[in-house]
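The numbers in UniProt numbering rise by one with no breaks, and the one at position 108 of the sequence shown is 108.
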Amino acid sequence: MQAQDTFPANEALIVIDVQNDFCPGGALAVVGGDQIIPEINALMQRYQTVVLTQDWHPAGHSSFASSHAGQDAYDVIDMPYGPQVLWPDHCVQGTDGADFHPDLNVDGAHLIVRKGFRPTIDSYSAFFENDHTTVTGLDGYLRARGIDRVTIVGIATDYCVNYSAVDAAKLGLVVTVDTNLCRGIDLHGSLAEALAAMTAAGVVVR
Ligand code: VGL
Ligand code: ZN
Numbered sequence: 001m002q003a004q005d006t007f008p009a010n011e012a013l014i015v016i017d018v019q020n021d022f023c024p025g026g027a028l029a030v031v032g033g034d035q036i037i038p039e040i041n042a043l044m045q046r047y048q049t050v051v052l053t054q055d056w057h058p059a060g061h062s063s064f065a066s067s068h069a070g071q072d073a074y075d076v077i078d079m080p081y082g083p084q085v086l087w088p089d090h091c092v093q094g095t096d097g098a099d100f101h102p103d104l105n106v107d108g109a110h111l112i113v114r115k116g117f118r119p120t121i122d123s124y125s126a127f128f129e130n131d132h133t134t135v136t137g138l139d140g141y142l143r144a145r146g147i148d149r150v151t152i153v154g155i156a157t158d159y160c161v162n163y164s165a166v167d168a169a170k171l172g173l174v175v176t177v178d179t180n181l182c183r184g185i186d187l188h189g190s191l192a193e194a195l196a197a198m199t200a201a202g203v204v205v206r
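Written out as structure tokens, the structure is:
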């Protein structure tokens, strides 16, 4: 394939959480989060379907350490749906931190999926919330458009990219994660674990 060829209509690009709070200067800054944006913008031009996700929490969200007395950021607690890392307050609905990074070509996207807006449940994946049951609707959108292959890029490799890729594979999509266009948080070895989990799920990690 030539570098500038357009991908066929059954392939979509999913760009995960390229938002101010996940970039340098943000509330949950991921090292180099902004460096991947020019290449993501270029790649977007080659897809007939481009989906952006946007982490979109209400103030006081249950994934915030500040919502739990006596807990610090990056502690892990048990939620009814399983273990949950507690994060600094981030991507609060309507704030600058929740906006897409100004360099991201938001106009080039066809669908924006917001997630994490239910107060009592976090949602890393573009497909399911962290209970692995509540759907975002993205699966239906892709299927209705005849899409069976997705490439996933964005932030953070070990959380939202990982969960999205594993769910996509479980849903029967052919999934590639381009790690050059991702950046990770790497909390307690989470990056290595995520790469192993994606590979085990049948995701092509390159
Ligand atoms: C994310 C932690 C909390 C992500 C979102 O986009 O990977 N990580 N919320
Ligand atoms: Zn979040």
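Even glycine gets a Cβ: it sits at the ideal position worked out from N, Cα and C.
Query, Result
"In three-state DSSP terms, what is residue 209?", "Only positions 1 to 206 of the chain appear in this structure, which leaves residue 209 out of reach."
"In angstroms with no decimal places, state the Cα-to-Cα distance between residue 208 and Q71.", "As displayed, the chain neither begins before 1 nor continues past 206, which places residue 208 out of reach and without an answer."
"Residues in its own chain within less than 6 Å of Y81 by CB, not counting five upstream and five downstream?", "N130, D131"
"Taking just the CA atoms, how far does P58 sit from A12?", "29 Å"
"Which residues in the same chain have their Cβ closer than 6 Å to the Cβ of V150, if we skip the five residues on either side of it in sequence?", "A12, I14, A168, L173, V175"
"DSSP beta-bridge partners for A12?", "V150"
"Using a threshold of 8 Å, state whether the C-beta atoms of I152 and V166 are closer than that.", "no"
"By Cβ distance below 7 Å, which residues in the same chain neighbour R145 in space, the five residues on each side in sequence not counted?", "T49"
"Report the option in Y74, P83, Y124 whose CA atom is closest to the CA atom of T157.", "Y124"
"Indicate the three-state DSSP secondary structure (helix, strand or coil) for T199 in the structure shown.", "helix"
"Going by other Cβ atoms of all chains shown within 10 Å of its Cβ, with 16 needed for buried, is I77 buried or exposed?", "exposed"
"In chain order, what are the residues with a CB under 5 Å from some non-hydrogen atom of ligand 1?", "D17, D55, W87, A156, Y159, C160"
"What are the residues that DSSP puts in a beta bridge with M44?", "Note: M44 sits in no beta bridge, so no partner."
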